[in-house]
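So the sequence shown is numbered by the UniProt record's numbering: it starts at 1 and just counts up by one.
Note that beta-carbon positions come from the ideal geometry of N, C-alpha and C, so glycine has one too.
Model, not experiment: these values are computed from the prediction.
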Amino acid sequence: MDVESDAFEVESPSTATKTRLWASLPAEVRQMILKFVCLPDSGGQCNGMSYPTVAQYASVCLEWQIFFEARTFRRLVLNPESVEEFDAVVRRDDVRLAYIQKLWLRVELSEYECPKCDEPEDVATQRDNNMIFSTCIQTLLGTLKRWDPARHGAQGVELMLSASSPSDTKHRFTRCEMKDDYPFHYAEDLDLAGSIIDYHRTNMSDPVSGLLHLSGLPPLSGDHINRVQGTPLYLQPQNGEKGRFTNQAKSLAAVPMVKGLVIRRQFFREIHIRTLSWLIGRSFVALEWFRFERTISLEPHSQLYFDRERLSLRCSLSTPERSRREFESLIILAAEAALSLPKLEIFELWGICRAKKESRAYVFRYCYEDGRPRITWRSSAEAMGAQRRIIAQWGEVAEKQSHSTLAYDVVPFEETAEKIFKSRGTCIYRHLLLKDLVFDPITQKILENEPYDWRLDEESDASQQGDTPNSNLTPNSANSDLSLLPAELAAFDNEVTAFLQHHQW
Ligand SMILES: [Zn+2]
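The structure is reproduced here in structure tokens:
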């Protein structure tokens, strides 16, 4: 279990006198002193703040144990080594489950050396990694299933899942956000740990970056990317207690403690979609929200967020010429779906098509607020083409929902095609009404700053220099693999073509 770095020297209250003095203080004062010990300490990374390590104070007395364990267990990071230790700690006293708010299961997979860094994973490695993953998941579920809302409170826990190998950052990739000491994982860290921009600038400019890669030669194929992305992990049958293999899916424990689930694109490796659906269907039975960032071509490609009243969907678009028609056809499709969502308050569909000076961005929004339905069309290029049809379709949704007439706005983007291209589309995120729901706050920061090498405030200077050498070609950049895109686009194209044929467009 990870805890933060120790920064305080507290004299142990070992003598009887000191103990008596402490006990003589009013309870409120004692609590104030303990809180003071836990205050963040300046001088952390990038001159930011960091929490002192207080775990060891829990052994002083029962009062201190309750106070400091509540602090220590609030945010936990577990890896394959500590997940069993965590299980033992909870078995000794499961009241500790009540303290946990954020839990990150960080599955560390097997290491690899050169030249394997330039080759896809072999079958044996895949099996090993699946076994590490399966053991971690099963152990954690076994621990968390002890949670009882009557004793531990109904709040539950937000679970983050990630998988990576320590070698992923030691060969051709040096991304600091995948390293152990990266300090930004939750929105609260953005205030506490110093400037995320300064941190990335400092760590990007490190010329050594701990690279162990032996060959200075560029990779011959895209296999180095396949290696770092690995193979989607799935639950492997394991030896049961009686020596027989047990089916993992059937033996997954229900864990209603998990209320939120986050899988971010910070780590490239994915969990196999079948395993994910088993976990959600059988284990995370009380999930209230799920944020899932897919890492096609190492960028979030399609994203989905929804709850009962709001739905946000990012779609992929093929070419500038076809993008508007594709986008409009999806708006119509969505209207059909919306007819069966009577509680829908906000629907936001958006898409970006990057093609240098022909880049496009589109946002379509349906909003039902204060009894008034309204649609908004935002685009960087032409106005809505299928305007009449879209208004008619969404007019039906409005009519069904409120018996009132649909209002509509057309608001062009001010962002130029070049800016959309250069920012990889991130410049329009600020126009999304559901932005805060769709994006993990750390992911959003990284996405917005990466295209500018974390020099967004110098963007105007950069743009005056014309097209700077394309950083997409460096191995450090996430955007170098486009090999998966054609398959994605073909799938999307099939969907749109089928729709157009069906509706005789
Ligand atoms: Zn290597």
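*Ignore the nearest five residues each way along the sequence and tell me which others in R282's own chain have a CB closer than 6 Å to its CB.*
The residue labelled residue 282 in the question sits at position 282 within the sequence shown. Hits under 6 Å: L252.
*Among Y366, E336, R354, which residue has its Cα nearest to the Cα of I346?*
The residue you call residue 346 lines up with position 346 of the sequence shown. It is Y366 whose Cα lies nearest to the Cα of I346.
*Quick one: residues with CB closer than 5 Å to any heavy atom of ligand 1, in chain order, please.*
C114, C117, H171, H213
*Tell me where the beta strand (DSSP E) around M178 begins and ends.*
Working through the sequence shown from its first residue, we reach residue 178 at position 178. Careful: M178 lies outside any beta strand (DSSP E) and carries neither H nor E.
*Can the beta-carbon of K145 be found less than 8 Å from the beta-carbon of A58?*
To locate residue 145, count along the sequence shown from 1; it is residue 145. To locate residue 58, count along the sequence shown from 1; it is residue 58. No, the Cβ-Cβ distance between K145 and A58 is not below 8 Å.
*asked:* Between which two residues does the alpha helix (DSSP H) holding F67 run?
replied: Mapped onto the sequence shown, residue 67 falls at position 67. Per DSSP, F67 belongs to the alpha helix (DSSP H) from 62-72.
*T125 - containing alpha helix (DSSP H), residue span*: Translated into positions along the sequence shown, residue 125 becomes position 125. Residues 123-144.
*asked:* Assess contact between the segment 344-364 and the segment 412-421, defined as three or more Cβ pairs (one per stretch) separated by less than 8 Å. Is contact present?
replied: yes
*Just how far apart, CA to CA, sit E382 and S312?*
Counting from one through the sequence shown, the residue named residue 382 turns up at place 382. Counting from one through the sequence shown, the residue named residue 312 turns up at place 312. Distance between the alpha carbons of E382 and S312 is about 23 Å.
*For F184, which of helix, strand or coil comes out of DSSP?*
For the purposes of this step, residue 184 is taken as residue 184 along the sequence shown, with counting starting at 1. Correct three-state label for F184: coil.
_Starting from S277, trace the alpha helix (DSSP H) in both directions and tell me its first and last residue._
Numbered from its first residue, the sequence shown carries residue 277 at position 277. 273-278 is the span of the alpha helix (DSSP H), which, as asked, contains S277.
*Determine the direct distance from the alpha carbon of T376 to that of V258, and round the result to whole angstroms.*
Taking the first residue of the sequence shown as position 1, residue 258 is located at position 258. Taking the first residue of the sequence shown as position 1, residue 376 is located at position 376. The straight-line gap from Cα to Cα measures roughly 36 Å.
*State the Cα-Cα distance for the pair C46 and V37, rounded to the nearest angstrom.*
Translated into the one-based positions of the sequence shown, residue 46 becomes position 46. Translated into the one-based positions of the sequence shown, residue 37 becomes position 37. Confidence is the limiting factor: at C46 the pLDDT is only 43, short of 50, which leaves the residue's position unreliable and the question unanswerable from this model.
*Quick one, are the C-beta atoms of L97 and W147 less than 8 Å apart?*
Locating residue 97 in the sequence shown gives position 97, where the first residue counts as 1. Locating residue 147 in the sequence shown gives position 147, where the first residue counts as 1. Closer than 8 Å, so yes.
*Taking the runs of the alpha helix (DSSP H) that are 4 residues or longer, which of them lie wholly in the UniProt domain "DUF6546" (305-439)?*
320-338, 387-402, 417-422, 435-438
*Mapping DSSP to helix, strand and coil, what is G194?*
The sequence position of residue 194 within the sequence shown is 194, counting from 1. Note: G194 maps to coil in three-state DSSP.
*Using beta-carbon positions only, say whether Y368 and W350 come within less than 8 Å of one another.*
Counting from 1 along the sequence shown, the entry for residue 368 is found at position 368. Counting from 1 along the sequence shown, the entry for residue 350 is found at position 350. Contact: no.
*Apart from the five residues just before and just after V107, which ones in its own chain have a Cβ nearer than 6 Å to its Cβ?*
Numbered from 1 along the sequence shown, position 107 holds the residue referred to as residue 107. Once the five neighbours on either side are set aside, the close Cβ partners of V107 are F133, C136, A163.
*DSSP bridge partner residues for E108 (one or two, in chain order)*: The residue you call residue 108 lines up with position 108 of the sequence shown. Its beta-bridge partners are S164.
*Inspect the beta-carbon positions of F67 and L34 and report whether they are closer than 8 Å.*
Residue 67 sits at position 67 when you count from the first residue of the sequence shown. Residue 34 sits at position 34 when you count from the first residue of the sequence shown. Result yes, Cβ atoms of F67 and L34 sit closer than 8 Å.
*Indicate whether G260 and L330 have their beta-carbon atoms separated by less than 8 Å.*
As a position in the sequence shown, residue 260 is number 260, starting the count at 1. As a position in the sequence shown, residue 330 is number 330, starting the count at 1. Not in contact: G260 and L330 (Cβ atoms no closer than 8 Å).
*asked:* Rounded to the nearest angstrom, what separates R227 and S221 at their Cα positions?
replied: If you number the sequence shown from 1, residue 227 lands on position 227. If you number the sequence shown from 1, residue 221 lands on position 221. Each residue's Cα considered, the two are about 11 Å apart.
*Just mark D181 as buried or exposed, buried being the case when its beta carbon has 16 or more other beta carbons within 10 Å.*
Counted from its first residue, the sequence shown places residue 181 at position 181. Looking at its Cβ environment, which holds fewer than 16 other Cβ atoms inside 10 Å, D181 is exposed.
*Inter-residue spacing [alpha-carbon to alpha-carbon] between residue 506 and H152*: Since the displayed the chain opens at 1 and closes at 505, residue 506 lies outside it and no answer follows.
*From this set, M32, I197, H224, A16, which residue's C-alpha is nearest P115's C-alpha?*
Locating residue 115 in the sequence shown gives position 115, counting from the first residue. Nearest C-alpha to P115: H224.
*Through-space distance from F292 to L109, alpha-carbon basis*: Taking the sequence shown and counting its residues from 1, one reaches residue 109 at position 109. Taking the sequence shown and counting its residues from 1, one reaches residue 292 at position 292. Distance between the alpha carbons of L109 and F292 is about 21 Å.
*Three-state secondary structure assigned by DSSP to L235*: If you number the sequence shown from 1, residue 235 lands on position 235. It is coil, neither helix nor strand.
*Expected contact under 8 Å - CB spacing of I390 and I352 to nearest Å*: As a first step, residue 390 is located in the sequence shown; it is residue number 390 there, counting from the start. As a first step, residue 352 is located in the sequence shown; it is residue number 352 there, counting from the start. No, I390 and I352 are not in contact; Cβ-Cβ is about 20 Å, not under 8 Å.
*What three-state label does DSSP hand A7 in the structure shown?*
Walking along the sequence shown from the start, residue 7 turns up at place 7. At A7 the pLDDT is 42, less than 50, meaning the model places this residue with poor confidence; the figure from the coordinates comes in the next sentence. Coil, per DSSP.
*Start and end of the beta strand (DSSP E) containing V258?*
Within the sequence shown, residue 258 is the residue found at index 258, counting from 1. Here the beta strand (DSSP E) through V258 covers 258-263.
*With 16 as the cutoff for other CB atoms within 10 Å, does K445 come out buried or exposed?*
What you label residue 445 is simply residue 445 of the sequence shown in a count that begins at 1. The residue is buried, with at least 16 neighbouring Cβ atoms inside 10 Å.
_Quick check: what's the CA-CA separation for T452 versus K422?_
Locating residue 452 in the sequence shown gives position 452, counting from the first residue. Locating residue 422 in the sequence shown gives position 422, counting from the first residue. The question names Thr, yet the displayed sequence has Tyr at residue 452. Rounded to the nearest angstrom, the two C-alpha atoms are 8 Å apart.
*Determine the burial state of V438: buried for a count of at least 16 other Cβ atoms within 10 Å of its Cβ, exposed for fewer.*
The residue labelled residue 438 in the question sits at position 438 within the sequence shown. Buried: at least 16 other Cβ atoms inside 10 Å.
*Thinking M131 and F267 are a contact (beta carbons under 8 Å), I'd like their distance in whole angstroms, please.*
Taking the sequence shown and counting its residues from 1, one reaches residue 131 at position 131. Taking the sequence shown and counting its residues from 1, one reaches residue 267 at position 267. No, M131 and F267 are not in contact; Cβ-Cβ is about 19 Å, not under 8 Å.
_Counting beta carbon pairs with one atom in the segment 391-408 and one in the segment 262-281, are three or more of them shorter than 8 Å?_
no
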